[in-house]
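Please read the structure below before turning to the comments.
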Amino acid sequence: MEYPIKIKGKTIKQVTKLNLSHKNLKTIPDNVYQYANLEKLDLSYNRIEVIPQEILKLKKLRTLDLAFNNLKVLQGALFKLPKLKILNLHGNQIKHLPKQILDSKITTLILSKNKIEHLDESLISGITKLDIVDNPVSYVDELVIEDDKKVVIPSMQLLKNETENKKIIMHKDKKKIFISYSHADEIFHNRLMTHLSVLKKYIGGFEEWSDKKIHAGQHWKEEIKKALDDANIAILLVSTDFLASDFIENNELPPILRKAEAENTNVLCLLVEPSFFLKSELSAFQAVNKPEETLAEMEKPAQERVFLKLMDEIQRIIEVE
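Structure, rendered in structure tokens:
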């Protein structure tokens, strides 16, 4: 099976990252293996059940995101990838780790929200960051925290101090989230900020920034530039007013697009009203909701589910990178 992959302005050899999330894929498309220089592959939010032997063709792959698929068994080929460092398996149906993991180069392994009942620490000797939150773990050999190098997190019900231990999963350096929006869409911006404040209470690990944080007397252009320079994640509230804004087009989008290309900054598009999103250069990035299902066209409960989906995506990014 092949899936149409369009990368503007790049040959197959030039592509180092590929996003095929939310494509309803049951298998990894055969043409993915043509991209031999891939370093980052996002296959999250699909229906993939098996990792085939062909995955070994991606010899330069460093980050593989398989969150929210239908994986029950981890095939050995996955652990033979010579460069793979980060593996996200959040939200699958995995019950145990295979012995082949001992031969892998993986240092960050996310297994949260699976079905793991027992964790054999001898299999994770090379893992420096491990998340097994929300698993039915009944036994953990040892909780190890040595010089901030190794973190093994059992399921939350086993932890005495739930709030304190949740923070262990996060990196020391907080992610910076830049929010770009038109003031005509302020109602959606305000709701986004409320959801982010709740997410921060539960997981931490990030700081959000929008122009609401500019105070009187500050040089607003300098503040925006600094926030853009620091950003690891950009959330764009896309509408016709957003796309029509000369300020956004000339001052905010260029650095966001440059960082996405040069530094793998994650760009998340939240579609708030019908617009020319699909005809714009932003269509190359992941949209949280479908163009025919914008927030303005939804009832309140459906809007809230979209915001929660965005929060899940932010948490996934924070934990993986």
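Residue numbering for the sequence shown is 946 to 1266, as defined by the numbering used here.
Positions of the beta carbon are idealized from the N, C-alpha and C atoms, including for glycine.
- DSSP places residue 1183 in no alpha helix (DSSP H) but in the uninterrupted beta strand (DSSP E) bounded by 1178 to 1183.
- Unbroken alpha helix (DSSP H) stretches of 4 residues or longer found wholly inside the region 1128 to 1174: 1131 to 1147, given in chain order.
- Looking at the DSSP output, residue 1009 bridges to 986 and 1032.
- Only exposed fits residue 1128, as fewer than 16 other CB atoms lie within 10 angstroms of its CB.
- The beta carbon of residue 1037 lies closer than 6 Å to those of 1014, 1016 and 1059 in the same chain, with the five residues before and after it left out.
- In this structure, the alpha-carbon of residue 1062 lies about 10 Å from that of residue 1039.
- For residue 1023, the CB contacts under 7 Å within the same chain, skipping 5 residues up- and downstream, are 996 and 1000 in chain order.
- Here residue 1229 is actually not in contact with residue 968; their C-beta atoms are around 15 Å apart, not less than 8 Å.
- Here the C-alpha atom of residue 1184 lies approximately 35 Å from the C-alpha atom of residue 1007.
- In the DSSP assignment, no residue is bridged to residue 1065.
- Relative to the Cα of residue 976, the nearest Cα in the group 990, 984 and 1003 belongs to 1003.
- Scanning its chain for C-beta atoms nearer than 8 Å, with the 5 sequence neighbours on each side dropped, one finds around residue 1021 the residues 1043 and 1045, in chain order.
- Taking a cut-off of 8 Å on C-beta distances, the region 1123 to 1139 touches the region 1187 to 1201, as three or more cross pairs fall below it.
- The bridge partners DSSP lists for residue 977 come to none.
- Contiguous beta strand (DSSP E) elements confined to the region 1203 to 1264 occur at 1211 to 1216, taking only those with 3 or more residues.
- In terms of CA proximity to residue 1197, 1180 leads the group 1134, 1251 and 1180.
- The alpha-carbon separation between residue 1178 and residue 956 amounts to approximately 26 Å.
- Just so you know, the alpha carbons of residue 1067 and residue 1052 end up roughly 14 Å apart.
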